[in-house]
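S.K.: Protein chains in written order, with our numbering: chain W, 1 to 77; chain R, 78 to 301.
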Amino acid sequence: MKKRIFVTLKPGVLDPQGRAVHHALDGLGFDGVNDVRIGRLVELDLADSVTDEAIGQMCEKLLANMVIENYRIEDAE
Amino acid sequence: MNSAVITFPGSNCDRDMMVALEQVFGKAPAQVWHRDTAVPDNVDFIALPGGFSYGDYLRSGAMAANSPIMREVKAAAERGVPVLGVCNGFQVLAEAGLLPGALMRNAGQRFVCRDVALTVENTQTLFTGHYDAGETITIPVAHHDGNYFADDATLDRIEGDGRVAFRYAHATNGSRRDIAGIVNDGGTVLGMMPHPERAIEAAHGGTDGRRLFASVAESLAATA
Numbered sequence: 001m002k003k004r005i006f007v008t009l010k011p012g013v014l015d016p017q018g019r020a021v022h023h024a025l026d027g028l029g030f031d032g033v034n035d036v037r038i039g040r041l042v043e044l045d046l047a048d049s050v051t052d053e054a055i056g057q058m059c060e061k062l063l064a065n066m067v068i069e070n071y072r073i074e075d076a077e
Numbered sequence: 078m079n080s081a082v083i084t085f086p087g088s089n090c091d092r093d094m095m096v097a098l099e100q101v102f103g104k105a106p107a108q109v110w111h112r113d114t115a116v117p118d119n120v121d122f123i124a125l126p127g128g129f130s131y132g133d134y135l136r137s138g139a140m141a142a143n144s145p146i147m148r149e150v151k152a153a154a155e156r157g158v159p160v161l162g163v164c165n166g167f168q169v170l171a172e173a174g175l176l177p178g179a180l181m182r183n184a185g186q187r188f189v190c191r192d193v194a195l196t197v198e199n200t201q202t203l204f205t206g207h208y209d210a211g212e213t214i215t216i217p218v219a220h221h222d223g224n225y226f227a228d229d230a231t232l233d234r235i236e237g238d239g240r241v242a243f244r245y246a247h248a249t250n251g252s253r254r255d256i257a258g259i260v261n262d263g264g265t266v267l268g269m270m271p272h273p274e275r276a277i278e279a280a281h282g283g284t285d286g287r288r289l290f291a292s293v294a295e296s297l298a299a300t301a
């Protein structure tokens with residue numbers, strides 16, 4: 001099975017990259033961009049035996065830094 | 078004094094750290110490789126050097142924090158062995174949970190490489206006894222991800238406990254409350270973005286870093 005892990009900065013954590021990209025979009029003339037937040041997408045190809053609990057542990061132990069980031073798990077197929 | 082420097086693939090300040098430790102401690106440190114499964118039994122002090130461990134894949138310090146040797150470093154830290162993490166070493170300590178908070182991309186997006194003025198906030202730690210309280214010292218920084226973040230409650234707690242060792246005298250990288258270096262709750266683990274090992278000899282342009290290692294040497298001699 002395949003899973004997609006979306007790792008995003010927690011609300012309230014400043015995102016310098018997002019701010020720079022926001023500024024660049026403004027510079028390209030795109031109006032109406034209220035905010036930009038940059039995250040990370042991790043695609044996992046997993047044996048069917050891997051439990052949701054184990055995937056959650058993968059996220060909390062390594063894929064996300066829970067001090068600054070949240071994660072969301074989605075089925076990829 | 079028996080010290081050890083941990084070398085991860087991508088560490089690039091490990092040699093500088095070893096030279097600094099040998100000069101100040103009077104004995105060459107053991108160089109310990111990331112795949113080693115033990116630090117020397119009699120180790121009195123462990124340093125995690127700067128660099129780009131494992132290419133800083135995923136997040137700076139994240140891979141190194143999960144390497145085999147870090148289990149041993151954690152165990153040693155729990156026994157009270159002093160641990161210093163500089164730059165990437167600070168990132169590794171934060172990722173490993175030995176220090177609170179996280180080091181994010183610099184607020185200005187740019188790599189910052191220059192001498193910076195630091196205020197010594199706490200001279201009661203084993204790392205800072207040779208400084209004067211409130212003193213301004215000069216130590217170089219060289220990092221892209223030095224923007225210290227912790228939530229307000231954590232910041233209030235570490236400030237209240239006197240765990241901020243060094244603060245940038247001027248905004249440098251977006252760090253919350255200009256925090257440049259913090260210690261753990263026992264005061265035995267210090268993480269800092271500036272590089273004290275690069276300010277050891279007059280030829281480096283300054284010797285303010287040397288006093289950090291001299292403080293450690295004196296503290297350890299006093300408890301031996």
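Using N, Cα and C, we set each Cβ at its ideal position, and we do this for glycine too. Keep in mind the model is a prediction, meaning the values are calculated, not measured.
Which class does R:R187 belong to by DSSP, given the choice of helix, strand or coil?
M.R.: Coil, per DSSP.
S.K.: Quick one: which chain W residues come within Cβ less than 9 Å of R:F226?
M.R.: What R:F226 touches in chain W: V13, L14, V67 and I68.
S.K.: Would you call W:A76 buried or exposed, if buried means 16 or more other Cβ atoms sit within 10 Å of its Cβ?
M.R.: Exposed, since its Cβ has fewer than 16 Cβ neighbours within 10 Å.
S.K.: According to the neighbour-count rule (16 or more other Cβ atoms, all chains shown, within 10 Å of its Cβ), is W:V33 buried or exposed?
M.R.: By the 10 Å Cβ count, W:V33 comes out exposed.
S.K.: Going by DSSP, name the residue or residues bridged to R:D238.
M.R.: None; R:D238 has no bridge partner.
S.K.: Go ahead and pull the three-state DSSP assignment for R:Y245.
M.R.: If DSSP states are grouped into helix, strand and coil, R:Y245 belongs with the strands.
S.K.: Just checking: is the beta-carbon of W:A20 within a distance shorter than 8 Å of some beta-carbon in chain B?
M.R.: In summary, chain B is missing from the structure at hand, where the protein chains are W and R.
S.K.: Decide if the stretch 183-203 of chain R is in contact with the stretch 142-152 of chain R; the criterion is three or more beta carbon pairs, one per stretch, under 8 Å apart.
M.R.: Cβ pair count under 8 Å is below three, so no.
S.K.: Name the chain W residues whose beta carbon is nearer than 7 Å to that of R:A257?
M.R.: Chain W residues near R:A257: none, gap ~18 Å exceeds 7 Å.
S.K.: Helix, strand or coil for R:I214 per DSSP?
M.R.: Of the three classes helix, strand and coil, the one that applies to R:I214 here is strand, per DSSP.
S.K.: If you draw a straight line from the C-alpha of R:I214 to the C-alpha of R:G268, how long is it?
M.R.: Cα to Cα, the separation comes out at about 17 Å.
S.K.: Roughly how many angstroms lie between the CA atoms of R:A298 and R:D113, to the nearest whole one?
M.R.: Their Cα atoms are separated by approximately 28 Å.
S.K.: Is the beta carbon of W:L63 sitting closer than 8 Å to the one on W:V42?
M.R.: A contact, by the Cβ cut-off of 8 Å.
S.K.: Excluding sequence positions up to five away, which residues of its chain have a Cβ less than 7 Å from the Cβ of R:G87?
M.R.: So the list reads G128, F129, S130, Y131 and G132, once near-sequence residues are dropped.
S.K.: Could you check what DSSP says for R:F204 in three-state terms: helix, strand or coil?
M.R.: Here R:F204 sits in coil by DSSP.
S.K.: Consider the Cβ of W:L25: report whether some Cβ of chain R lies at a distance smaller than 8 Å.
M.R.: So, not an interface residue.
S.K.: So what's R:D262 in DSSP terms, helix, strand or just coil?
M.R.: Of the three classes helix, strand and coil, the one that applies to R:D262 here is coil, per DSSP.
S.K.: Please identify, using Cβ separations under 8 Å, the residues of the stretch 174-195 of chain R that lie next to chain W, in order along the chain.
M.R.: Correct list: P177, G178, A179, M181, R182, N183, A184, G185 and Q186.
S.K.: Check the DSSP bridge columns for R:Q108 and list the partner residues they point to.
M.R.: According to DSSP, which records beta bridges pairwise, R:Q108 is partnered with R:V82.
S.K.: Determine which residues share a DSSP beta bridge with W:L44 and list them.
M.R.: Bridge partners of W:L44: W:K3.
S.K.: If the criterion is Cβ atoms closer than 8 Å, does the pair R:G157 and R:G251 meet it?
M.R.: Taking 8 Å as the Cβ cut-off, R:G157 and R:G251 do not qualify as a contacting pair.
S.K.: Taking buried to mean at least 16 other C-beta atoms within 10 Å of its own C-beta, is W:E74 buried or exposed?
M.R.: Per the 10 Å Cβ criterion, exposed.
S.K.: Let me know if R:F290 comes out buried or exposed under the rule of 16 or more other beta-carbons within 10 Å of its beta-carbon.
M.R.: Buried, because 16 or more other Cβ atoms sit within 10 Å of the Cβ of R:F290.
S.K.: Is it buried or exposed, R:Q168, if we count other Cβ atoms within 10 angstroms and call 16 or more buried?
M.R.: Buried, by the Cβ-count rule.
S.K.: At 8 Å on the CB atoms, spell out the chain W contacts of R:E172, in chain order.
M.R.: Ordered by position in chain W, the residues that pass the 8 Å Cβ test against R:E172 are N65.
S.K.: Report the three-state DSSP secondary structure of R:G166 (helix, strand or coil).
M.R.: In this structure, R:G166 counts as helix in the three-state DSSP scheme.
S.K.: Excluding sequence positions up to five away, which residues of its chain have a Cβ less than 8 Å from the Cβ of W:D26?
M.R.: Closer than 8 Å at the Cβ level, and outside the excluded window around W:D26, lie V33.
S.K.: Closer than 8 Å, CB to CB, is W:L46 near chain R or not?
M.R.: It does not; no Cβ of chain R falls within 8 Å.
S.K.: Locate the alpha helix (DSSP H) running through R:E99, then write down its first and last residues.
M.R.: From DSSP, the alpha helix (DSSP H) with R:E99 extends over D91 to F102.
S.K.: For W:V36, does the three-state DSSP call read helix, strand or coil?
M.R.: Reduced to three states, the DSSP call for W:V36 is coil.
S.K.: According to DSSP, simplified to helix, strand and coil, what is W:D75?
M.R.: It is a strand residue.
S.K.: Would you mind working out which of R:Y245, R:F226 and R:L170 sits nearest R:A194, comparing C-alpha positions?
M.R.: Looking at the Cα atoms, R:Y245 is the closest of the given residues.
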